[in-house]
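In the working numbering, the protein residues as written are -12 to 439. Glycine is no exception: its CB is placed at the ideal position from the N, C-alpha and C atoms. A quick note: this is a predicted structure, and the numbers were derived from the prediction, not measured. Structure first, then comments.
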Ligand SMILES: Cc1cc2nc3c(=O)[nH]c(=O)nc-3n(C[C@H](O)[C@H](O)[C@H](O)COP(=O)(O)OP(=O)(O)OC[C@H]3O[C@@H](n4cnc5c(N)ncnc54)[C@H](O)[C@@H]3O)c2cc1C
């Protein structure tokens, strides 16, 4: 199903690459991360070419809920404890700064994209988690974020406590990308099939560049980088509900911290006020029985009885092992390749942070927040549990394939894992690395790079 964003914006088409070109930087992927990187490179005097396999914004970005916030679930107390205050401060600063950068760009470029300043809340309905939220509010405050603990929200059910961040924002991501991409050199339907040193090849063309940026959501290469061992993908579901005009609606954005916690935000869509309600997350490839949308609808009927559903969709994102995105040099032996991935469903500010860090690296400027995101970090103690879990999942998927009794089991072209059906979407998903395919075998999202 199409998201509200997709239903309301049609970004003009671009040609595909059919020639040999030379430039300073090539950006692979025209989602939020790729377009912001190309834009900031241009601002910093670096010429770039963007190569997109499908359409601008046509990856996960078209299905985001587009909260622009540094409130990334319970992260700040965890970061201080695991990585120390300095690294936690870099994370907080990069994401807080990103909110301001969105506002500045939108103002400077005069982009009409329904940008709205609003607070963001993280809530719990469980009394025994209140302390955790109080600690999070304190940790965020120590790191310079305008945070406070509260028990007052606009939610239609009782909560035990919440953390409120002031000065956050929300927008229409495709209206934003449409305007921001206008003056950039972009080729669509130009899937990159090989990168060797400075040479980037598509089916019909080549770009030679001093710098290569992988903004592809999930880097498809097995080697170098081993990104498939460092993260997994998680899918979540969204329903859009039309709110009656006479009813007061939520000004803030919300996320529950429980496993069954729900996400809420309101947006103005043409002449309608629409509430997004999201949740029902699972590891990609683990929804064979379905019922995710129905669970959302059941609660929606209870909490918002006068609303009607006007759209529903799902999306997935890469979950890094230590909850910090991988932004920076792709590997230490490829100093002119860069990567932006592992946004853990916080890809708006993370994409902006990535664009700042990578464009700074390309112009030879040390970004003050780069260290915490460096893909070369590996504090083994913090990672070992997740790392083992990821390897086990990959082995499980591969062995399921090897011992499958189906005559023609569906097999992922990425690394050969057995695919599982997603009953809600009628798609096929890889439980190891998260590639997703339509019932007709068409590729929906990677790391796989072609259909079944
Ligand atoms: C349900 C849900 C809700 C979310 N809500 C929020 C939110 O409220 N706020 C927030 O901050 N984040 C949110 N996120 C996360 C956010 O949507 C993503 O992190 C972000 O959109 C990712 O952007 P991206 O540019 O990295 O990837 P994408 O948008 O997927 O872009 C990558 C692009 O690379 C292209 N590509 C891939 N391979 C190749 C190749 N070989 N050659 C050329 N091009 C290639 C793809 O076609 C794609 O267009 C949410 C995520 C989910 C799952």
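Remark: C-beta atoms of residue 313 and residue 360 approach each other more closely than 8 Å.
Ligand 1 has no heavy atom closer than 7 Å to the beta-carbon of residue 276.
Taken through DSSP and simplified to helix, strand or coil, residue 415 comes out as strand. Inclusion of residue 223 in the 7 Å shell around ligand 1 follows from its C-beta lying nearer than that to a non-hydrogen atom of the ligand.
Distance between residue 15 and residue 200, taken at the CA atoms: about 6 Å. Residue 207 carries a coil assignment under DSSP once its states are collapsed to helix, strand and coil. The C-beta separation of residue 18 from residue 47 comes to about 7 Å, placing the pair in contact by the 8 Å criterion.
The beta carbon of residue 133 lies closer than 8 Å to those of 152, 153, 154 in the same chain, with the five residues before and after it left out. Using a Cβ distance threshold of 8 Å, residue 98 and residue 27 do not count as a contacting pair. Three or more Cβ pairs drawn from the segment 213 to 228 and the segment 292 to 305 lie within less than 8 Å of each other, which places the two stretches in contact. In the same chain as residue 176, and ignoring 5 residues on each side of it, the C-beta atoms closer than 6 Å to its own belong to 3, in chain order.
In this structure, residue 425 has its CB at a distance of at least 7 Å from all heavy atoms of ligand 1. Residue 29 places its beta carbon less than 8 Å from that of residue 171. Residue 410 sits away from residue 282, with the two beta carbons spaced by 8 Å or more. No residue range can be given for residue 361, since it is assigned to no alpha helix (DSSP H) and is classified by DSSP as neither H nor E. In this structure, the alpha-carbon of residue 119 lies about 38 Å from that of residue 352.
Residues of the same chain with a CB within less than 6 Å of the CB of residue 127, apart from the 5 flanking positions on each side, are 63, 134 in chain order. Check the Cα spacing between residue 304 and each of 103, 423, 179: the tightest is with 423.
Burial of residue 309 is indicated by the presence of at least 16 other C-beta atoms within 10 angstroms of its C-beta. In the DSSP assignment, residue 118 falls within the unbroken alpha helix (DSSP H) covering 117 to 129. DSSP, read as helix, strand or coil, puts residue 432 in strand. In this structure, residue 335 has its CB closer than 7 Å to one or more heavy atoms of ligand 1.
In the structure shown, residue 62 falls within a coil segment according to DSSP collapsed to helix, strand and coil.
In the DSSP assignment, residue 216 is bridged to no other residue. Proximity of the beta carbon of residue 52 to ligand 1 is indicated: a heavy atom of the ligand is located closer than 7 Å.
Residue 354 carries a coil assignment under DSSP once its states are collapsed to helix, strand and coil.
Under the criterion of beta carbons closer than 8 Å, residue 130 and residue 75 qualify as touching, at roughly 6 Å. Every beta strand (DSSP E) stretch that sits fully inside the segment 303 to 342 and reaches 3 residues is listed by chain position as 313 to 316, 324 to 328.
Per DSSP, the continuous alpha helix (DSSP H) segment holding residue 26 begins and ends at 19 to 30. Taking 8 Å as the upper bound for CB-CB distance, residue 412 and residue 271 are not in contact here, some 11 Å apart. At a cut-off of 7 Å, the beta-carbon of residue 178 counts as near ligand 1: some heavy atom of the ligand is closer than that.
Boundaries of the beta strand (DSSP E) around residue 38: 35 to 38. Its Cα nearest to that of residue 356, the residue 78 stands out among 286, 322, 78.
For residue 164, the closest of 89, 218, 10, 322 by C-alpha to C-alpha distance is 89.
The residues 424, 437, 438, in chain order, have a CB closer than 7 Å to that of residue 430 in the same chain once the five nearest residues on each side in sequence are set aside. Each of 246, 315, 11, 148 was checked against the Cα of residue 194, and the nearest Cα belongs to 11.
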